[in-house]
Every structure is written in structure tokens, then in C-alpha cells.
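Residue numbers (this note's numbering): 199 to 696.
C-beta: ideal position from N, C-alpha, C; glycine also.
All values derive from a computational prediction rather than experimental measurement.
What follows is one structure encoded as C-alpha cells, with my remarks underneath.
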Amino acid sequence: MRLNRSLTRRDFIKSTAIATTATATSAISTVAAGGAAPKMIGIQVGSVSFVDEGTESVLDILQQRGAVNTIFLTTFTYGRGLAGRQIPRQPFPDHGPQESDEKLFHGGNYATPHPEFYRNTVLKQTRAPDHGDLDIVAAVLPAARKRGLKLFCSIEDVFRSDVSGVREVAEVDLQCRKTGTLCLFHPDVRAFWTGLAIDLCKSYEIDGILFFNERNGPLLNAIGASHAQTIASSRVTCFCEFHQRAAKERGIDLQRAREGYTKLDQFVQNSLANKRPSDGYFVEFWRLLVEYPEIIAWDRLFDAGKHQVLAEVHAAVKNVRRDLQVGFHIEHVNSFNPIFRATRRYDELASKADFLKVVVYNNCGGERYAHFIDNIGSTVFRDVPRAELKRFNDYLLNYSEEKDCTDLAAAGLSPDYVFRETQRAIAGVQGKCKVLPGIDIGIPVGRNSRKASAEDTYAATSAALRAGADGVIFSRKYSEMRLANLSAAGRAVRDAKG
Ligand SMILES: [Zn+2]
């Protein structure tokens, strides 16, 4: 079936029914070790895959090939990482239409927003127009239930600036410009996330919510301490009235924070222009932090806003039904960046989650880690040769035997990386919540970077389970996975069981 904006719910159900008769229902696959509860074997899927390939056909493939027992259905996002077909200009996988949805993709809420849950927010009009009046949760949930599959709604903090209300609740940057991202201290934004979570949990008999928010605070954004972003030190956020109020309550001086970030911006710009401070890059950076503790305080403020939203979503969902589960996606930078690691306590996150989906994407991890080293090697650690900086960082992160900088993207990270990061997360949560590593199945990479093979996927899945994970979540979306790799992941799950 072609993706079509005017597709109606009736058309969808009809096509799904045809698919049902054509394929057999398979048994639920679970992994149980020594009589323990079955491990959660999840997979992230966007609505477009069910529309393109038919609900029953997709569920057949997920169960038979991937040994999947839990669907993480992308329900809210404007981003292409979790929704839509393959990223434009990347090779299509061996299923679904071999045609880009670049012009059709919009994003938003793929379920039906019920207005009573959005009374306290300006973000009222978020219905995704991509599939006409189709409600993807209403369509997929009964089919999943019939097979004994669990279903979680994935919701992600990725917006687009033309959505009604976004401008009113947008963050304000260092130079007082409105941005395209939402301020997590804004009451309307907080009301939106809790409203959305409650709406989904009350309107559908789902098993819970997986919340994605990959945004970083101003310190990391200023120095380019992530893997994906460009270094934009003059665009750091947020300095809006709600942040100013929250700062005041915590006794943080706004003017000093502005001054500190302005100096940090100058430091970064000078670094990128190769203008070395007389005391060296690292000393100059550290001096800024010492002289302006407000830099770190303002960064902590961002985290406080983000974590407050997580806590509110968790509380709101538990208020609907105690047995609903809430999970948080823990972004990749948490794995590469020791400074970021220091700002994230697994046990603290675990206190407001039933499970953490910890990103351990090893294949694209090589390219991303190399990018991270390049970024910090352009600013704070500019005096250190890249190869040595990478080796030093490996020690800090407890990585072993990963390739050198020059080969990293082409080699990817090893299954041992998956094993170690899984173990670190399990030790970190101190038994307070479950750990479900996110396994990389065909996440798009650059032309010269490693492309995942079935063997890689098998090894990564095995490593996570061997490290003692409570399950795994195949990531990022079914519409970018090759079937042989999904089968290899499923084989690893079944082998771990045996
Ligand atoms: Zn703000």
C-alpha cells in the first residue's frame, strides 16, 4: 500500500484484514532465564510501517524474525529519527516501499488528541496529518493484544517551528532570540507533556510510555560536547522569563550567567579560529568555570527543567494506573562524554522510571564517537593530538580496544562496548528500575562509515543480554532495518534463552 495523505481508517483496516488472511499468527516469543519473568524484547516502529506494509504482516515479521514481545509505537514526534520511512538519501531496507516520503512526512500526534487533556497549554493542534484520519494506536493495539504483545507509546521532544503555539513557548537564547525548541520550564510545555501522557494512557489500554528527550544544557551545547550537533556557542539556551524566575528561586545570578556564557562564547569562537590563549585551551576553559560558577549553575538549571518534566510525566501516568510503566530514553552522549556522564546519575533517573532505555548503538557509535572527539578536540582539548585525546577518553569511559580515531567511523564500536555500557547502567540504577539497552539495527551512517552486518547485530544483542540486561529495545525504527539484521537480533535473543 502506498503512503497516502487521504488514506482513511476504513481503507487501513481493509488492507490490514487482507494482510491478516495472508499471514499466519505466530506465538509470542519471550526469553525466560531460570523461570524468571520474560525479558522485554522491544522494537521501535513508526506508524508509516504499519500503513505501508499492513499491521499483521509487520507484527508477523517482528515476532518471527526479531523474537519481539513488545512494540514501542512512535506516537508523538516531529522528528525523522523515530518516524517516517528511511531517512532521505539513505539506502532503503529490503521491505516497504522503495520511495522516499520526504514530501509527505509531517509528524505530530499519530493518535487522536482529545482536547480535554490540552486545556492548559497553547500546544493544542498537534494531530499528525500524514495518514489522514487514521489513529495508529487504535489501529495497532487490538492486533498486538490478540498476539499477547505489549504496546508502549513513544513520545519525543522534537517539534517543528510552524506548529501552532510553538513560538509562544520557545526557548530564548543568550542573545535574546527566540529559538525553535520548547522551554521545559514554561508551564504550557509542562502541561503539554503531562496532558499528552495522560491522554494516551486514559484513551487507550496501552502498557505505558517511553519518553524521548535528547536535548542538552547550554554548557555542553556551547563547547560542542555532543556527537551530532554543530558548535553554536552564541545560541545557547534558555534565558526566558521562566528560566529567570527559576534561577532567582535557586539564587543564581542571571547577569553573571550571561556574562559567563558570553565569555565562554568568545573562548569557543577563538578556539575555532585557532587563537590559542597564552595559558592554553584547557586552562582558559577551567578558569572560566572557576570564575563563573554560574555557567555550571545555568547548565544544571536546564537539567532541572528537563528532569522535572520527566518526573511530572511519571507521576501523571502513575496517577492514571499504578501498573502503567514509564521509561526514559537515555541519549548516546551519555555514553561518550565524561562531562555529561557526571550530570546524569542512573540511580536518580531510576527513581522516576520503571525502565531506562540506555542507548548503546555500537555500529553508528564509531562515527558518533569520532565526531565527539573532533568537537571537544576543537575547543577545550585543542592542545591534545586527536589520537591521544581519544585514547585518554577511552580510559575515562572504560572503553577497551576500540579503533583509533582514523579508523573509528569505518570500524564502529565493538560488542564489548555494548557489554560494558550495559553493565555500567545496571550497576548505576542499583536495582531501582529495569535497564533495556537500545540496540543499533541499521541506524543510518555516512558513506564511509561501517554498515551493520547480521553478525554485528547478533553480537551486540548477545552482549547486552549477557551483561544482564532486563531486555533490549531494537532501535531506531523498523523502517530503517534490514530483515537479515532483525533476524540476527532475534536469533541472539533465542540463543540467550536456550
Ligand atoms: Zn526558558
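Spatial distance of residue i from residue j (CA atoms)
i      : j      : result
LEU470 : ASP328 : 41 Å
ASP360 : LEU380 : 13 Å
ALA694 : GLY346 : 21 Å
ILE226 : ILE671 : In this prediction, ILE226 scores a pLDDT of 43, lower than 50, which makes its location untrustworthy; the coordinate-derived value is nonetheless stated afterwards. Using only the alpha carbons, I get a separation of about 16 Å.
LEU332 : TRP391 : 22 Å
ASN532 : LYS322 : 32 Å
THR659 : ASN560 : 10 Å
GLY525 : ILE624 : 15 Å
LEU611 : GLU653 : 14 Å
LEU681 : LYS504 : 36 Å
ASP250 : LEU260 : 15 Å
ASN573 : LEU594 : 17 Å
ASP673 : LEU587 : Going by the sequence as given, residue 673 is Ser instead of Asp. SER673 and LEU587: Cα-Cα distance of roughly 29 Å.
MET679 : TYR567 : 22 Å
THR699 : CYS399 : The requested residue 699 does not occur in the structure, where the chain is confined to residues 199 to 696.
ARG520 : HIS512 : 10 Å
PHE534 : GLY575 : 14 Å
LEU372 : HIS312 : 36 Å
SER224 : ALA265 : Any reading at SER224 must be qualified, since the residue scores a pLDDT of 41, below 50, and its modelled position is unreliable; no value is offered.
PRO262 : GLY244 : The question names Pro, yet the displayed sequence has Gln at residue 262. Using only the alpha carbons, I get a separation of about 19 Å.
GLU529 : PRO236 : 26 Å
ARG325 : ALA665 : 40 Å
PRO291 : GLY330 : 25 Å
ALA395 : VAL556 : 21 Å
PRO188 : THR620 : Here the chain covers residues 199 to 696 and nothing more, so residue 188 does not appear.
ARG278 : LYS675 : 9 Å
GLY393 : ALA514 : 8 Å
ALA230 : ARG689 : Low confidence applies here, because ALA230 scores a pLDDT of 48, under 50, leaving its location unreliable; read the following figure in that light. Taking the straight line joining both Cα atoms gives about 15 Å.
PRO289 : VAL488 : 48 Å
ASP258 : ALA502 : 42 Å
ARG618 : ILE429 : 29 Å
PHE465 : LEU663 : 44 Å
VAL370 : PHE357 : 15 Å
LYS516 : THR310 : 21 Å
PHE480 : ARG580 : 8 Å
Cβ pair residue i, residue j closer than 8 Å
i      : j      : result
ILE353 : PHE410 : yes
SER677 : VAL320 : no
LEU684 : HIS527 : no
GLY636 : VAL558 : yes
VAL367 : ASP397 : no
ARG365 : LYS376 : yes
CYS562 : ASP638 : yes
ILE334 : LEU280 : no
LEU554 : VAL627 : yes
ALA455 : GLU492 : yes
GLY669 : ILE285 : no
SER431 : GLN453 : no
GLY294 : ARG283 : yes
PHE248 : ALA342 : no
PHE483 : VAL582 : no
ASP355 : ARG413 : yes
ALA657 : ILE537 : no
VAL434 : TYR459 : yes
Whole-number beta carbon distance between residue j and residue i, since they are thought to touch under 8 Å
i      : j      : result
LEU508 : LYS550 : 6 Å
PHE500 : CYS436 : 7 Å
TYR490 : GLU447 : About 20 Å separates the two Cβ atoms, so there is no contact after all.
ASP552 : CYS631 : 6 Å
PHE275 : GLY305 : Looking at the sequence shown, residue 275 is not Phe but Thr. Confirmed, about 6 Å.
THR655 : ALA609 : At roughly 16 Å, the Cβ-Cβ gap does not stay under 8 Å, so THR655 and ALA609 are not in contact.
ASP633 : ALA667 : According to the sequence displayed, residue 633 carries Val and not Asp. Going by Cβ atoms, the distance from VAL633 to ALA667 rounds to 5 Å, so yes, they are a contact pair.
LEU486 : GLY406 : Not confirmed; about 42 Å, so no contact.
LEU339 : ILE404 : 7 Å
GLY640 : ALA607 : Contact doesn't hold; Cβ gap of about 16 Å is too wide.
ASN591 : ILE571 : 7 Å
HIS569 : HIS425 : 5 Å
Residue i beta carbon near ligand 3 (any heavy atom closer than 7 Å)
i      : result
PHE383 : As for ligand 3, it is missing from this structure, which binds only ligand 1.
is_contact[residue i, chain C] using C-beta, thresh 8 Å
i      : result
VAL582 : The displayed structure is made up of one protein chain only, and chain C is not part of it.
Three or more C-beta pairs below 8 Å linking the segment 634 to 647 and the segment 589 to 601: With a cut-off of 8 Å, the segment 589 to 601 and the segment 634 to 647 do not count as touching, because too few Cβ pairs lie within range.
At least three beta-carbon pairs within less than 8 Å, the segment 363 to 383 to the segment 299 to 317: With the cut-off at 8 Å, the segment 363 to 383 and the segment 299 to 317 do not touch.
Touching by the beta-carbon criterion (3+ pairs, under 8 Å), the segment 415 to 432 and the segment 535 to 544: The segment 415 to 432 makes contact with the segment 535 to 544: 3 or more CB pairs, one atom from each, lie closer than 8 Å.
Segment contact flag, the segment 242 to 262 with the segment 602 to 619, C-beta cutoff 8 Å, min 3 pairs: Three or more beta-carbon pairs separated by less than 8 Å are not found between the segment 242 to 262 and the segment 602 to 619, which leaves the two stretches without contact.
The segment 361 to 368 in contact with the segment 468 to 483 per 3-pair CB rule at 8 Å: Taking 8 Å as the limit for Cβ pairs, the verdict is that the segment 468 to 483 does not touch the segment 361 to 368.
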